[in-house]
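Trainee:
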Amino acid sequence: MTEPCLLPVGQAARAIAERRLTARALVESCLARIARLDPIVGAWVAVDADRSLVAAERADREIEAGRRRGPLHGIPYGLKDILRTAELPTRAASRLPLADDGAEAAVHCRLRDAGAILIGKLNTYEFGTGTGAVYDDLPAPVARNPWNPDHFTGGSSTGAGAAVAAGMVPLAIGTDTGGSVRLPAMACGLVGLKPTYDLIPRTGMLPNCPSQDHLGPLTRTVADAALALAATTGTESVPGSGRLDGLRVAVVRSFHDGDPVADPAVAEHFESAVGILRGLGAETVDRRVGPSLRDFRACGRIVNAGESFAIHRRWLDDPSTAIGTALRDKLEAAAGLTASDYLDAQRWRRALVEALVEAMAGCDLMLCAGTMTPAPRLDDEAGCVRFTGDSAMTPFSLSGQPALVLPTGLDPAGLPIGVQLAARPFAEAVLLCAGAALEAAIGFAGVVPPDPVRPASACARPPAAPARAGRAGRLARSMAESVARIPRPLADELGSVLSFKPTELWT
Numbered sequence: 338m339t340e341p342c343l344l345p346v347g348q349a350a351r352a353i354a355e356r357r358l359t360a361r362a363l364v365e366s367c368l369a370r371i372a373r374l375d376p377i378v379g380a381w382v383a384v385d386a387d388r389s390l391v392a393a394e395r396a397d398r399e400i401e402a403g404r405r406r407g408p409l410h411g412i413p414y415g416l417k418d419i420l421r422t423a424e425l426p427t428r429a430a431s432r433l434p435l436a437d438d439g440a441e442a443a444v445h446c447r448l449r450d451a452g453a454i455l456i457g458k459l460n461t462y463e464f465g466t467g468t469g470a471v472y473d474d475l476p477a478p479v480a481r482n483p484w485n486p487d488h489f490t491g492g493s494s495t496g497a498g499a500a501v502a503a504g505m506v507p508l509a510i511g512t513d514t515g516g517s518v519r520l521p522a523m524a525c526g527l528v529g530l531k532p533t534y535d536l537i538p539r540t541g542m543l544p545n546c547p548s549q550d551h552l553g554p555l556t557r558t559v560a561d562a563a564l565a566l567a568a569t570t571g572t573e574s575v576p577g578s579g580r581l582d583g584l585r586v587a588v589v590r591s592f593h594d595g596d597p598v599a600d601p602a603v604a605e606h607f608e609s610a611v612g613i614l615r616g617l618g619a620e621t622v623d624r625r626v627g628p629s630l631r632d633f634r635a636c637g638r639i640v641n642a643g644e645s646f647a648i649h650r651r652w653l654d655d656p657s658t659a660i661g662t663a664l665r666d667k668l669e670a671a672a673g674l675t676a677s678d679y680l681d682a683q684r685w686r687r688a689l690v691e692a693l694v695e696a697m698a699g700c701d702l703m704l705c706a707g708t709m710t711p712a713p714r715l716d717d718e719a720g721c722v723r724f725t726g727d728s729a730m731t732p733f734s735l736s737g738q739p740a741l742v743l744p745t746g747l748d749p750a751g752l753p754i755g756v757q758l759a760a761r762p763f764a765e766a767v768l769l770c771a772g773a774a775l776e777a778a779i780g781f782a783g784v785v786p787p788d789p790v791r792p793a794s795a796c797a798r799p800p801a802a803p804a805r806a807g808r809a810g811r812l813a814r815s816m817a818e819s820v821a822r823i824p825r826p827l828a829d830e831l832g833s834v835l836s837f838k839p840t841e842l843w844t
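Add 337 to a position in the sequence shown, counting from 1, and you land on the number used in the working numbering.
1) Run through the region 552-611 for me and flag every whole alpha helix (DSSP H) of 4 or more residues, listed as ranges in chain order.
2) Determine whether the Cβ of Val378 lies closer than 7 Å to any Cβ atom of chain B.
3) Counting only the same chain and skipping the five closest in sequence on each side, list residues whose C-beta sits under 7 Å from that of Arg447.
4) Give the straight-line distance between the Cα atoms of Val384 and Pro826, rounded to the nearest whole angstrom.
5) Hey, could you find the ends of the alpha helix (DSSP H) Gln738 is sitting in?
6) Return the chain-ordered list of same chain residues with a C-beta closer than 8 Å to the C-beta of Ile613, the five sequence neighbours on each side being excluded.
7) By a C-beta neighbour count over all protein chains shown, 10 Å radius and 16 as the cutoff for buried, is Val598 buried or exposed?
8) On a Cα-Cα basis, can you pick out the residue from Ala760, Ala436, Thr675 and Glu718 that is closest to Ile419?
9) Go through its chain and collect everything with a Cβ distance to Leu842's Cβ below 7 Å, but skip five positions before and after it.
10) Per DSSP, what kind of secondary structure is Lys417 in: helix, strand or coil?
11) Nearest-angstrom Cα distance between Thr621 and Ala610?
12) Buried or exposed for Ser389, going by 16 or more other Cβ atoms inside 10 Å?
13) Between Pro792 and Leu374, what straight-line distance do the alpha-carbon atoms span, to the nearest angstrom?
14) Would you please state the rounded distance, in angstroms, between the beta carbons of Ala696 and Val589? I believe it to be under 8 Å.
15) Are the beta-carbon atoms of Leu555 and Ala522 separated by less than 7 Å?
16) Work out the CA separation of Ser728 and Ala477 for me, nearest whole Å.
17) Tell me Ala383's beta-bridge partners as DSSP assigns them.
18) Name the residue from Pro789, Arg814, Leu680 and Pro341 whose alpha carbon lies nearest to the alpha carbon of Pro507.
19) For the beta strand (DSSP E) containing Ala760, name the first residue and the last one.
20) For Glu620, does the three-state DSSP call read helix, strand or coil?
21) Give the DSSP bridge partners of Lys667, in chain order.
22) Give me the DSSP bridge partner(s) of Ala509.
23) Flag this pair as yes or no: are the beta carbons of Gly491 and Val785 separated by less than 7 Å?
24) Tell me the rounded alpha-carbon separation between Gly643 and Asp788.
25) Take the Cβ of Val790 as the centre, count every other Cβ of all protein chains shown within 10 Å, and call the residue buried at 16 or more, exposed below.
26) Could you tell me which residues DSSP puts in a beta bridge with His846?
27) What is the rounded straight-line gap between the Cα of Val756 and the Cα of Ala750?
28) May I ask which residues mark the beginning and end of the beta strand (DSSP E) holding Val706?
29) Only counting the same chain, and skipping five residues up and downstream in sequence, which positions put a Cβ closer than 6 Å to that of Glu662?
30) Quick one: what does DSSP say Thr662 is sitting in, helix, strand or coil?
31) Find the nearest neighbour of Leu416 within the set Gly511, Ile371, Arg356 and Thr725, judged by alpha-carbon distance.
32) Specify the secondary structure class of Met697 as computed by DSSP and reduced to three states.
33) Among Thr708, Cys700, Pro732 and Thr731, whose alpha-carbon lies nearest the alpha-carbon of Phe724?
34) Taking its Cβ as the centre, do 16 or more other Cβ atoms sit within 10 Å of Ala563, making it buried, or is it exposed?
35) Is the separation between the beta-carbon of Ser493 and that of Ile639 shorter than 7 Å?
36) Can you look up Leu344 in the DSSP assignment and give me helix, strand or coil?
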């Protein structure tokens with residue numbers, strides 16, 4: 338018999354509504370799996386067992402009384418630990434003294450109102466930023482990939498990806514500034530949805546880069562992501578899984594000459610996805626974007642670092658603060674940016690988004706790779722940096738358009754591979770319908786890996802911290818190179834930059 342915690346969200350919710358499953362039994366199943374697997378995986382930084390069981394019993398009484406709150410009634414979920422809740426403190430993977438007096442996360446309140454049950458808080462990098470797989474100096478050890486605990490989960494929603502992939506909860510909410518929902522989904526064989534910018538409110542989120550910060554769900558199926566989106570936005574977007582006749586898909590194998598080349602297994606899965614979309618009735622059109630992934634990455638690096646520095650510089654000003662090394666490195670690299678650099682990067686951002694608009698002209702969706710490789714080993718520092726840095730995540734963070742990652746299968750080593758679909762702003766219904774159809778045709782939805790059995794002490798660890806001077810120097814050079822890539826002069830007037838909203842370019 339299937340453990341209740343391994344049921345898809347929709348199936349579990351229907352079983353609870355029809356009184357074939359109790360919310361308490363579902364929560365107990367999740368808690369038992371957490372107790373068994375999390376000592377190896379390290380997905381959770383706080384588990385609220387007592388309160389979640391009380392909430393489950395209340396949910397069961399409400400069902401008995403005919404009061405079903407919504408489509409997620411009785412469904413357990415986890416929250417990335419940069420989202421505030423009244424139930425649990427928010428520590429943001431930091432040793433810094435953080436006040437717990439801010440507003441609760443709107444996404445948490447909406448899930449609670451829909452009947453979902455918070456199980457606990459999930460591991461991340463400090464404030465959802467930095468490269469946490471390089472330095473292992475945060476309060477909790479880095480989360481591990483349930484498909485192979487020697488391997489990276491992607492970040493920064495590390496715990497969210499690990500918890501859902503391991504079957505500990507069917508739903509987690511992460512944040513995505515440059516891929517932090519979609520990268521763990523790619524690494525861990527999940528569905529990761531980054532909705533249109535601000536479609537899920539950012540209220541109650543500890544910010545990283547406000548102009549790029551998004552919130553989104555990680556689930557094991559596209560239908561489950563659609564249910565989570567509906568509960569958190571009030572939209573009705575539960576997809577079917579049928580034909581895609583009349584849909585036009587821009588197929589982007591490479592943004593520009595010289596872009597990173599996909600691993601052979603990743604490329605094979607990508608071409609298979611193209612063929613499946615055609616078989617489902619979609620018309621595919623080969624496109625190039627024009628600007629390279631390096632251009633998008635450079636622009637995103639400046640915008641992200643500049644905004645993070647403005648938010649967190651107070652920690653950097655006091656050398657005695659217990660700030661983590663990865664965040665300190667990032668902020669120190671950003672300290673040399675000027676206001677002109679930041680504003681010019683935002684001008685460049687507009688031009689880059691316009692290139693995406695042009696590449697999708699006449700098309701409903703764009704299909705591209707998510708990452709160029711499967712998840713690397715945790716002790717492969719360069720591989721972890723490449724997994725993030727060579728990915729095609731940043732373009733859609735800069736544009737604010739919705740993007741969906743879904744798994745397509747496993748590589749020869751048994752690690753997940755996936756693809757990425759993007760739609761026009763606020764076209765989540767089209768994106769999810771196409772994703773569900775592709776998912777159904779592939780037949781990999783909802784697959785959970787075998788339980789990892791090795792003790793954490795026997796698993797690979799991130800490498801010993803490299804010489805900080807060397808790494809800090811590399812980051813400073815990367816920032817300088819990013820600034821040097823900005824095409825100048827830029828035509829946009831300052832006023833247009835200050836009022837710029839990327840999603841408005843798609844009208």
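Where is the CB? At the ideal position from N, CA and C, for every residue including glycine.
Mentor: If we stick to the structure as given:
1) 559-570
2) This model lacks chain B altogether, as it is built from one protein chain only.
3) Ala568 and Thr569
4) 52 Å
5) Careful: Gln738 lies outside any alpha helix (DSSP H) and carries neither H nor E.
6) Leu775, Ala778 and Ile779
7) exposed
8) Ala436
9) Leaving aside the five residues that flank Leu842 on each side, the residues in its chain whose CB is nearer than 7 Å to its CB run, in chain order, Val690, Glu691 and Val694.
10) strand
11) 11 Å
12) Label assigned to Ser389: buried.
13) 10 Å
14) 7 Å
15) Going by C-beta atoms, Leu555 is nearer than 7 Å to Ala522.
16) 26 Å
17) Lys458
18) Pro341
19) Note, Ala760: beta strand (DSSP E), Pro753 to Ala760.
20) strand
21) BP columns for Lys667 are empty, so no partner.
22) Gly415 and Leu555
23) no
24) C-alpha of Gly643 to C-alpha of Asp788: approximately 41 Å in a straight line.
25) exposed
26) Residue 846 is absent from the structure shown; the chain starts at 338 and stops at 844.
27) 18 Å
28) Reading off the sequence shown, one finds Ala at residue 706, where the question assumed Val. That run of the beta strand (DSSP E) goes Leu702 to Ala706.
29) Glu is not the amino acid found at residue 662; the sequence shown has Thr there. So the list reads Tyr472 and Asp474, once near-sequence residues are dropped.
30) helix
31) Gly511
32) coil
33) Thr708
34) Result: buried.
35) no
36) coil
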